[in-house]
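Encoded as structure tokens, the structure appears first; notes follow it.
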Amino acid sequence: MPTKIFAGTPVDTDDEGYLVNHAQWNKDVAAALAAEEGITLTDSHWKILDFIDKDFKERGAVPGMRRMNKIGNIATKDLYSLFPDGPIKKAAKISGYPKPASCV
Amino acid sequence: MKTLLILGAGTGGTMMASHLRKKLPGNEWNIRIIDRALDHYYQPGFLFMPFGIYSEKDVYRPMGRVIPKGVEYTEAEVDRVDADANRVLLKNGNAAGYDILIVATGVHPEPEQVEGMAGPDWRKNIHEFYTFEGAKALAARLKSWKGGRLVVHVCEMPIKCPVAPLEFCFLADAWLTQHGLRDKTDISYVTPLSGAFTKPVASGILGRLLGEKRISVVHDFAIARVDPEDHRMVSWDEKEVTYDLLVTVPPNMGDPMIERSGLGDEMNFVPTDKHTLQSKAHKNIFVIGDATDVPTSKAGSVAHFECEVLTENILGHIRGEELTAHFDGHANCFIESGHGKGFLLDFNYDQEPLTGTFPFPVVGPMKLLSESRLNHLGKMAFKWIYWNVLLPGLPIPFVGHKMSMAGKNLPSKAA
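Going down the list, the sequences are from chains A and B.
In this text, residue positions in the first sequence follow the numbering used here: the first is 1, and each later residue adds one.
In this text, residue positions in the second sequence follow the numbering used here: the first is 1, and each later residue adds one.
As structure tokens, this is what we get:
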């Protein structure tokens, strides 16, 4: 299991860079994960990350696009502009949660 | 007299009626199904209609021939479930009470969810094959096909029968070859996934097969809109795919009645315990098949396996016991690969589809995740099995609801 140093703290990740233990996540880690993706976090990013965090704690899963739209009131075009190239996967990674599962 | 009410007379609802009618005493339990349809459709057959393999008559039977004896059928549209009052309100103004409710209302393609999709090109140059009307219209459209850009497309996951669009690609390749049109047709498979399929072993094998058949794959394509004037799809990150004929799988959502009843999530799927199949919100509501949010394939085989578990759990619920039957997410799907051959997948919540033999080690006779003529014959035989074994609630020998690892190659040996 790879260990990375983010914001001076060792963090365990899986092979794709998703945090294995959410307890190791904090806002500095999020900023470092975002920087790896070429993203500088703003309030708009945090609105989305906060929704993922809240929703994951309630349901135990990263919300999909429609849940972001309908429950989080977050427009798809905003997700793509803030987290380009796969916004759900990227936002999940920066939030410190697992890669969203895809059912067969 | 108590009432067990089933909403939906598709695969899951009809099978549950068959199973429970045999188990629940007729003098104690009234079993009633409500659905708006006049006919029952064999939905796996829709895939074959565009290519003339099945005719319209192969895929439906009047509801009266399918509903089990001793089960009351009501043709009506449901307005909503009033779960607090244990009753269902119908659009015709009537109401139906229940002691136990089974929600089996399935999923439906909703092209209106994508900007421009249901516009002027719909059923002209944009088609789908997940409905009887859609498959019929696509069959007519293919008759006039002279070549060009054929794009097979999935809007978003989850969808009913996730292998069906791949099968459509393979069957189109075979059909176009037979009709001397293959060299005049570019086939693309456009998917929101990062590969041909969701799980790594199957994705690798099916991706290679697409390549061998000269079908190009456009992955990670999240559709934002269709521009019907220019016959093109545009993704949220402004990628474009143009088409002469677009065969799409629109977003799949649960019945709007679920939303009106306040029973669903954002996709109108009912939050359901993935092992017991009991609604998370109401102890006397159970859910089966595509109407659930359980994390496995939306497919008839899943509903079939769920039936065995759900029957046990409903009987346990009636006896006031804890629900002990557990569903493991088992799915079993034939994949037509064209030219009289097919694949077979067998998997569950925890185990991705692997290579090997099914149902027995070594002798099979079916082959998992590799092409064989027997797999194709299995798929074609399935129509008879569906009408004569599954819907009447009879068991299929050697294929139980719990997935078996017998005959499966572990990932290091697979592929």
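All residues carry an ideal CB built from backbone N, CA and C; glycine is no exception.
Cβ shell of residue i (< 7 Å), same chain only, five flanking positions each side left out
i	result
I223 of chain B	V114, C155, M233, S235
L89 of chain B	D79, R80, D82, A95
L323 of chain B	T276, Q278, N313, G316, H317
N21 of chain A	D12
A415 of chain B	Annotation note: pLDDT 43 at A415 of chain B (below 50); position unreliable, no value reported.
L176 of chain B	R182, T185
S18 of chain B	P68, L391, P392, G393
Exposure of residue i, with buried meaning 16 or more beta-carbon neighbours within 10 Å
i	result
L310 of chain B	buried
Q178 of chain B	exposed
W25 of chain A	buried
M16 of chain B	buried
I5 of chain A	exposed
E112 of chain B	exposed
L410 of chain B	exposed
A92 of chain A	buried
K91 of chain B	exposed
R32 of chain B	buried
E128 of chain B	buried
A34 of chain A	buried
W122 of chain B	buried
T54 of chain A	Looking at the sequence provided, one finds Lys at residue 54 of chain A rather than Thr. It is exposed - the Cβ of K54 of chain A has fewer than 16 other Cβ atoms within 10 Å.
Element boundaries [beta strand (DSSP E), containing residue i]
i	result
T87 of chain B	It should be pointed out that residue 87 of chain B corresponds to Arg in this sequence rather than to Thr. Residues 87-90.
R80 of chain B	78-82
D346 of chain B	341-347
V71 of chain B	71-75
H179 of chain B	Where H179 of chain B is concerned, there is no enclosing beta strand (DSSP E), given that its DSSP letter is neither H nor E.
Y80 of chain A	Note, Y80 of chain A: premise wrong, no beta strand (DSSP E); alpha helix (DSSP H) at 76-82.
N103 of chain B	A quick correction: the sequence has Val, not Asn, at residue 103 of chain B. Start and end: 100-103.
M233 of chain B	232-235
Opening and closing residue of the alpha helix (DSSP H) in which residue i lies
i	result
M253 of chain B	Taken as a continuous stretch (DSSP letters only), M253 of chain B belongs to no alpha helix (DSSP H), being part of the beta strand (DSSP E) at 252-254.
H304 of chain B	300-318
G134 of chain B	132-143
L374 of chain B	373-385
K70 of chain A	65-70
V467 of chain B	There is no way to answer for residue 467 of chain B, as the model of chain B reaches only from 1 to 415.
Pick from the options that is closest to residue i, judged by C-alpha positions
i	options	result
P361 of chain B	B:V59, B:M405, B:V241	B:M405
T11 of chain B	B:V66, B:G26, B:S216, B:L20	B:V66
G13 of chain B	B:F168, B:V302, B:D273	B:V302
R36 of chain B	B:F46, B:G45, B:I53, B:G8	B:G8
I34 of chain B	B:A76, B:Q351, B:T355	B:A76
A21 of chain B	B:Y41, B:G70, B:H40, B:E28	Sequence inspection shows Arg at residue 21 of chain B; the Ala mentioned does not correspond to that position. Taking only the C-alpha atoms, the option nearest R21 of chain B is B:G70.
L49 of chain A	A:P84, A:S95, A:A101	A:S95
S370 of chain B	B:G342, B:E240, B:H19, B:N348	B:G342
A7 of chain A	A:D43, A:K27, A:L82	A:K27
M1 of chain B	B:E167, B:W29, B:N86	B:W29
D15 of chain A	A:A23, A:M1, A:K57	A:M1
W387 of chain B	B:L263, B:L38, B:P62, B:T3	B:P62
E336 of chain B	B:A174, B:F347, B:F132	B:A174
T296 of chain B	B:L171, B:A331, B:V190	B:A331
8 Å CB neighbourhood of residue i in its chain, flanking five on each side removed
i	result
W384 of chain B	none
W277 of chain B	The identity of residue 277 of chain B in the sequence shown is Leu, whereas the question assumes Trp. Cβ within range, chain order: F286, V287, I288, T292, V294, E306, V309, L310, N313, F327.
K136 of chain B	M49, E56
P100 of chain A	A61, V62, G64, I88, K89, A92
Supposed contact pair residue j and residue i - C-beta distance, whole angstroms, cut 8 Å
i	j	result
S279 of chain B	T272 of chain B	6 Å
S188 of chain B	A196 of chain B	No, S188 of chain B and A196 of chain B are not in contact; Cβ-Cβ is about 12 Å, not under 8 Å.
I71 of chain A	E266 of chain B	6 Å
Y98 of chain B	L4 of chain B	7 Å
F168 of chain B	V247 of chain B	6 Å
F334 of chain B	F382 of chain B	7 Å
Cut-off 6 Å between Cβ atoms - residues of its own chain near residue i, not counting five sequence neighbours on either side
i	result
G45 of chain B	Y54, D58, V59
P98 of chain A	Y18
M253 of chain B	E110, M267, N268
CB contact check: residue i to chain C, cutoff 8 Å
i	result
W387 of chain B	Although the question refers to chain C, the structure presented lacks it and instead comprises the protein chains A and B.
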